[in-house]
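Heads up, the thing below is written out as structure tokens.
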Amino acid sequence: MTTTSVNIRVPEHTCHAIACGKPVTPKVLMCRKHWGMVPKDLQIGVWQTYRPGQEKTKVVTREYMEARRKAIVAVAEKENIEIPRIYATPI
Ligand SMILES: [Zn+2]
Numbered sequence: 850m851t852t853t854s855v856n857i858r859v860p861e862h863t864c865h866a867i868a869c870g871k872p873v874t875p876k877v878l879m880c881r882k883h884w885g886m887v888p889k890d891l892q893i894g895v896w897q898t899y900r901p902g903q904e905k906t907k908v909v910t911r912e913y914m915e916a917r918r919k920a921i922v923a924v925a926e927k928e929n930i931e932i933p934r935i936y937a938t939p940i
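Below, the structure written as structure tokens:
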């Protein structure tokens with residue numbers, strides 16, 4: 850697997866689930882409730898691509914962005930929320 854670094858501003862400090870916005874620590878992707886709705890394999894995908902300190906450096910891998918997208922989409926599907934176009938296609 851090749852790991853490419855990309856400079857993407859990671860929106861921080863709030864739950865990344867669509868229409869949530871609950872404040873969370875920058876280390877985690879979602880609030881407890883939404884993270885609990887992410888299927889286990891997608892949770893693992895997020896942690897496997899997470900690089901310690903990325904919330905400070907703002908440098909994340911493309912793989913992380915994709916894992917994050919899948920997790921966000923999975924939660925939106927469970928909540929029956931329309932998925933914004935930016936999340937609808939693979940990164
Ligand atoms: Zn949330």
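Using the working numbering, you'd call the opening residue of the sequence shown number 850 and step up by one each time.
Idealized CB from N, CA, C, for every residue including glycine.
Every value quoted in this text rests on a predicted model; they were computed, and no experiment measured them.
Roughly how many whole angstroms lie between the Cα atoms of glutamate 912 and tryptophan 884? Position 63 of the sequence shown, counted from the first residue, corresponds to residue 912. Position 35 of the sequence shown, counted from the first residue, corresponds to residue 884. Cα to Cα, the separation comes out at about 18 Å.
DSSP three-state label for threonine 944, please. Look at the range of the chain in this structure, 850 to 940, and you will see that residue 944 is not part of it.
Check whether the Cβ of lysine 882 sits closer than 7 Å to any heavy atom of ligand 1, and report yes or no. Position 33 of the sequence shown, counted from the start, is the residue given in the question as residue 882. Yes, Cβ of lysine 882 sits closer than 7 Å to a heavy atom of ligand 1.
Taking only three categories from DSSP, how would you classify valine 895? Here residue 895 is taken as the residue at index 46 of the sequence shown, counted from 1. Helix.
Within 10 angstroms of its Cβ, does lysine 927 collect 16 or more other Cβ (buried), or is it exposed? As a working note, residue 927 is residue 78 in the sequence shown. When all chains shown are included, lysine 927 counts as exposed.
On a Cα-Cα basis, can you pick out the residue from Val873, Leu891, Gln903 and His862 that is closest to isoleucine 833? A question about residue 833 goes unanswered here, because the residues of the chain that appear run from 850 up to 940.
Own chain partners of isoleucine 935 with C-beta closer than 6 Å, once the 5 adjacent residues on each side are dropped: In the sequence shown, residue 935 corresponds to position 86, counting from 1. Here the set comprises nothing.
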